[in-house]
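Colleague: Dropping the structure in here first, questions after.
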Amino acid sequence: FKRISGGDGRTEWAYLSSKQEHALDVRALCCCSNPQEDAYDHRIFSAGNDSMIVSHSVDRFLKEHPRRVDVVPQRPCISVSGSEDLDIMATATANSLDIWKLQNSKDTVLSNKNDGDVCSPGKPPLHVAHMSVTSGAHITSVAVSSDARLVAFSDNNGIKCINIRDMSSQMATDGDMDASVVPILDDTSDPSTLLGIKSVTLPAGMSTIHSVVHVEFVPNSHALIVCMTDGTIKIIDSVLDADSSVNTIRDIHDMRFKTWFKKDTQKSLARRECPMMDVCRVSKEGEYVAVALRNRVFIISLKTRHIITQIPSFNMKPGSVIAGLEFLEKDTLIAIVTSKSETALFDVSTGDACALPGQDPTQQELHNLELETTVIGIAASPA
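So this note's numbering is basically just the index in the sequence shown, starting at one, shifted up by 30.
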C-alpha cells in the first residue's frame, strides 16, 4: 500500500501491488533501512512456513524481484524412546533427521546426587543413520515410539514414519521423501547393531496433512498423536496398520465458536493464520495429553477423547509464552514452564494451582527460576 494525497488535502492508503514469494503462509515481517546512505536502501524481510527469509525492496517494490536470504533458524527437535532394551534418540533440524543409539548413562546420573549438579559427560551416543529429506521441506517435530521401533516426523509436506527395527539389509525409502539413508557406525561397534530402515504407509490423508506442529507416540503403543496449529488433534490408533482409524478431537479447536460481529470475524480470520499451538506433552502412563494453545493449557483424556481440565491464562511476564509442559507424580500434577523461566504446578484432575517444593501452600503466583536465558523446552526424569 502507498499513502497518497486526496483532493480535500487528506492522505489515504491506496493499494499498490502484491507478490507471493513464499510457498506457504507468511508468518513474520520486518522493515529496516541500510545505514549507508545509498538510494533504495529500505528493505522488507519476510519469513514464512516454507522456512525461507526473503528480502524485498521498499522503494523499488514494482521493479526489483525479491531475493531469498536464508532459511529460518529453528530449535532442534529431539525425542527419546526410553526403551530398556534399546534406547534410541532421534534428532531433527530443518531438513535432516539423525538416529542415535544411546549408551548406558546410569553411572553418570548416580554420580551427581546433589540438586543443581551438572552431570558429567557419559559415553557418547552411537550415530546410527542420517537422512536428508526433500529439498524445501521443513521438519517441525519428531517422535520415537517407546519400543524404539518407529520414528515419525512432520514437515510442511505432511507426516512421515519409518521403521528402524527391521533387520533387513535393504533400506527402502519412500519416493515422496526423496531421502538417502546413510548408515554410520563407530569403528569399535558390532556391525549387527546396524538398523534396517524402511518407510511405513500411514492411513489415507495423513501423509499429506498440513499445519502439523507436533507429533508424539502414546507410551507403550504405536498410537500417534498429531497436533495442528489451529488446535485440532488427530490420533492414529496404530501407524503400522494402513487401515487404522484416525480420530479427530476438535474440542479445543481455535475456530469452533461462531462470531456474528464484523470486528470479531476479522479477528478470527487473523487468528486462523497464526500458529499458536506450540507445546504438546503425553503423560508417561499414556492416559492424558496436554497442549498449550494461546497460553492456555488443555488436558485431554485419551480414553474419553474429551477435555477433563482447562487451565486458563495466568499472570505471566509481558511477552512470556508457555515453553514446556511435563507430567509429574504419576500423572497427578502438571508443571508449566514459561519462556522467561517462570514455573507453576497444577493438579491434573481439577486444574487448581499447587505449591512448589519449599513454597507457601497459599501462594498462587508463579515461581521464577531466575535463569539468564530464554527457555525453549523442558524435560523431566521418570523418577
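From the three backbone atoms N, C-alpha and C, an ideal C-beta is built for every residue, glycine too.
1. Looking only at its own chain, which residues have a Cβ that is under 8 Å from the Cβ of R179, when we skip the five neighbours before and after it?
2. How is E356 classed by DSSP in three states: helix, strand or coil?
3. Let me check understanding here. Comparing Cα to Cα, which of D89, G78 and S171 lies closest to K32?
4. Between which residues of its own chain and V174 is the CB-CB distance below 6 Å, once the five residues before and five after are set aside?
5. What separation, rounded to the nearest whole angstrom, lies between the Cα atoms of D361 and S237?
6. Which of the three DSSP states, helix, strand or coil, is assigned to E315?
7. Going by beta-carbon coordinates alone, are D245 and S313 separated by less than 7 Å?
8. Using a Cβ-Cβ cutoff of less than 8 Å, which residues in the same chain neighbour K333 once the five nearest sequence positions on both sides are dropped?
9. Taking the beta carbon of I406 as the centre, do at least 16 other beta carbons fall within 10 Å, making it buried, or is it exposed?
10. Per DSSP, what kind of secondary structure is Q340 in: helix, strand or coil?
11. From L132, S35 and D177, pick the residue whose C-alpha is nearest to that of P155; which is it?
12. Counting along the chain, where does the beta strand (DSSP E) carrying D185 start and finish?
13. Report the option in N250, A320, F75 and L59 whose CA atom is closest to the CA atom of I282.
14. Classify R40: buried if its beta carbon has 16 or more other beta carbons within 10 angstroms, exposed otherwise.
15. Sorted by chain position, which residues of the same chain lie with C-beta nearer than 6 Å to I341's C-beta, five sequence neighbours on each side aside?
16. Among L254, C384, I352 and C60, which residue has its Cα nearest to the Cα of E359?
Modeller: Judging by the given coordinates:
1. N193, I194, R195 and H252
2. strand
3. D89
4. S109, S111, I118, A120 and V181
5. 31 Å
6. coil
7. For the record, residue 245 in the displayed sequence is Val; it is not Asp. Cβ atoms of V245 and S313: not closer than 7 Å.
8. E317
9. exposed
10. strand
11. L132
12. L180 to D185
13. A320
14. exposed
15. V327, F376 and G381
16. C384
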